[in-house]
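**Q** Quick note: to get the numbering used here, add 972 to the position in the sequence shown (first position is 1). Heads up, the beta-carbon is just placed ideally off N, CA and C, and yes, glycines get one too. If you're wondering where the values come from, they're calculated on a predicted model, not measured in any experiment. First the structure, which I've put down as structure tokens, then a few questions once you've had a look.
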Amino acid sequence: MAQKPLEILISGAGVAGSSLALVASRFASFTPKPRITLLERSPRPRTTGQAVDIRGPGVQVIRRLGLESAIKERHTTETGLEIVDSNGGTIARFDMSGDAENQSATSEYEILRGELAGLLLEQLEEAVPEGQQPHVRLVCGEIIRSLEEQDDGVTVEFTNGKLEAQKFDVVIAADGAYSTTRSLIFGDAVTQECVKPSGMYIAYFTVPRVEQDSDLWCWYHTEGGLAVHLRPHRTKKTMGVYLSITNAKKERVPELEEVLSQGVAAQKTFLRDRFRDVGWQSARFLDAMDGADDLYMQNVALVKTQTYVHGRCALLGDSAHCTMGVGTSLAMAGAYVIAGELAKAPSHDSADIVAALKRYEDVFKPYVDKEQGTPEAFSPFPQWANPQTKLGVGLLRTVLRFAYWTNVAKILGGLAGWSKEGWQLPEYGW
């Protein structure tokens, strides 16, 4: 008797969730093709967001999906990182490496989050042959209310009435660092334990591009843990502004947590007050911020979960291992491993599904643990890069200036690049 298609529910239609849906739908060895429900909390797919990049095994994933050229076409056009002083003068500059295996601070695959997520969703639509039913169903404006795992699947109830309660073979939580689905799978206590504050808060918004703007990522530091970033967009009409506030310790800041809860208007008022007269182009950015309709502010967290899997349910992307700088790459690589392990499961029986998800964790988690590196309490980032005092800012600039003039950053960057002798994507007969 032929196997029925695997019914997979993915909570979260961002990069992690969309990557999994696309990889699973394209795996030739995944027979019969799974039926995937891709859930998005927002009324429509989010098309905004900051610049993200793809490195290491993430590059291998986009190549296997045939997306490398499309992603390069959507490159933000950023050519490197420039550290600037209060007058806009250059303190240090670190250009793109031009090497996908040993990338600099600016990636060869630098892309806006919304454009990457949009590309993945477009590919899902294009993958459907004419006249056939899609293997992936995108449902926006809906969230999971409850999960109940049983011997023959996971019964899921939904909140907003767009889907009736139904049973799935697999449930994947891909809904971010503050995943509500993770709490349903493992309980609230696990979420409270695994989300670690970095002490950093960032606001993102778009401003019109002016003649003096370049294609460099410009980074201005000032005391108090404040930093102002300006990054290019490929349209050449707008630029991305990032205002960051970093606490001296890896702790939540009650004042900032309160601001986050009050909405965009309160956040703009707070940012205008905190960044008033800090130097460089802060006045221009604050004036433009008043009219910006895309401001988004968040606290930057690190997520470290002890396990990714509970029976037929699993965590993917930031819900499992939110990591600044490599989160997108980890999400795409993890999606590939989940799809590959499910595709090679000998049957869709409960034991084989649970075993496949456990193999995903066994294969992928050691690599993530290595990437997350130093225990968060002892990690110097982001505090070392965002000093609190004028002396600290001066010392940081001296170090960066030395790295720039001696070219030591390029040497160390080459040593730290992804190695083909390191962790590799498993072969699943792609």
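What's the gap between the Cα of Val1031 and the Cα of Ser1322?
**A** 33 Å
**Q** Count the other C-beta atoms from every protein chain shown that fall within 10 angstroms of the C-beta of Ser1058, then say buried if there are 16 or more, exposed otherwise.
**A** exposed
**Q** By the three-class DSSP mapping on this structure, what secondary structure does Tyr1214 have?
**A** strand
**Q** CB Trp1191 to CB Ile1083, shorter than 8 Å?
**A** no
**Q** Which same chain residues end up closer than 6 Å to Phe1350 when comparing Cβ atoms and leaving out the 5 residues on each side of it in sequence?
**A** In this predicted model, Phe1350 has a pLDDT of only 49, less than 50, meaning its place in the structure is not dependable enough to derive any value.
**Q** My output table needs one value for Ser1254: the three-state DSSP class, helix, strand or coil.
**A** helix
**Q** Please classify Arg1203 as buried or exposed, where buried requires at least 16 neighbouring CB atoms within 10 angstroms.
**A** buried
**Q** Going by C-alpha to C-alpha distance, which of Gly1060, Gly1061, Glu1073, Glu1080 sits closest to Asp1067?
**A** Glu1080
**Q** Using 8 Å for Cβ pairs, my map puts Gly1090 next to Thr1019. What's the rounded Cβ distance?
**A** 6 Å
**Q** From Val1128 to Pro1006, what distance separates their C-alpha atoms?
**A** About 18 Å.
**Q** Using alpha carbons as the reference points, say which of Leu1232, Arg1181, Ile980, Ile982 lies closest to Arg1256.
**A** Arg1181
**Q** From Glu1343 to Glu1165, what distance separates their C-alpha atoms?
**A** Rounded to whole angstroms, Glu1343 to Glu1165 spans 20 Å at the Cα level.
**Q** What residue range does the alpha helix (DSSP H) around Trp1402 cover?
**A** Counting along the chain, Trp1402 falls outside any alpha helix (DSSP H), and DSSP gives it neither H nor E.
**Q** In the DSSP assignment, find the unbroken alpha helix (DSSP H) run with Thr1194 in it and report its ends.
**A** Residue range 1188-1194 is occupied by the beta strand (DSSP E) that includes Thr1194, with no alpha helix (DSSP H) assigned at that position.
**Q** Name the one or two DSSP bridge partners that Asn1271 has.
**A** Tyr1173
**Q** Any contact of the stretch 1254-1270 with the stretch 1293-1309, i.e. 3+ C-beta pairs under 8 Å?
**A** no
**Q** Threshold first: 4 residues or longer. Then list the alpha helix (DSSP H) segments lying entirely within the stretch 973-1002, N to C.
**A** 987-998
**Q** Using a Cβ-Cβ cut-off of 8 Å (strictly less than) and excluding sequence neighbours within five positions of Met987, which residues of its own chain qualify?
**A** Looking at the sequence provided, one finds Val at residue 987 rather than Met. Hits under 8 Å: Val1024, Arg1085, Leu1088, Ala1089, Leu1092, Gly1289, Thr1300, Ala1303, Met1304.
**Q** In terms of residue numbering, what span does the beta strand (DSSP E) encompassing Gly1052 cover?
**A** 1052-1056
**Q** Excluding five sequence neighbours on each side, which residues of the same chain lie with their C-beta closer than 7 Å to the C-beta of Gly1283?
**A** So the qualifying residues of the chain are Glu1121, Val1326.
**Q** At which residue ranges does the stretch 1224-1255 contain complete beta strand (DSSP E) runs of 3 or more residues, listed in the order of the chain?
**A** With a minimum length of 3 residues, no continuous beta strand (DSSP E) run stays inside the stretch 1224-1255.
**Q** For Leu1188, which residues of its own chain have a beta-carbon under 8 Å away from its beta-carbon, when the five flanking residues on both sides are left out?
**A** Glu1050, Thr1051, Gly1052, Leu1053, Glu1054, Arg1065, Pro1204
**Q** According to DSSP, is Cys1166 helix, strand or coil?
**A** helix
**Q** Output yes or no for whether 8 Å exceeds the beta carbon distance between Ala1317 and Ala1307.
**A** no
**Q** Got a sec, what are the start and stop residues for the alpha helix (DSSP H) Glu1040 sits in?
**A** 1040-1045
**Q** Thinking C-beta only, is Leu1096 closer than 8 Å to Val1108?
**A** yes
**Q** Please say whether Tyr1280 and Tyr1176 have beta carbons closer to each other than 8 Å?
**A** no
**Q** In whole angstroms, give me the CA-to-CA distance for Gln1278 and Gly1159.
**A** 13 Å
**Q** Helix, strand or coil for Val1111 per DSSP?
**A** Residue state, collapsed to three classes: strand.
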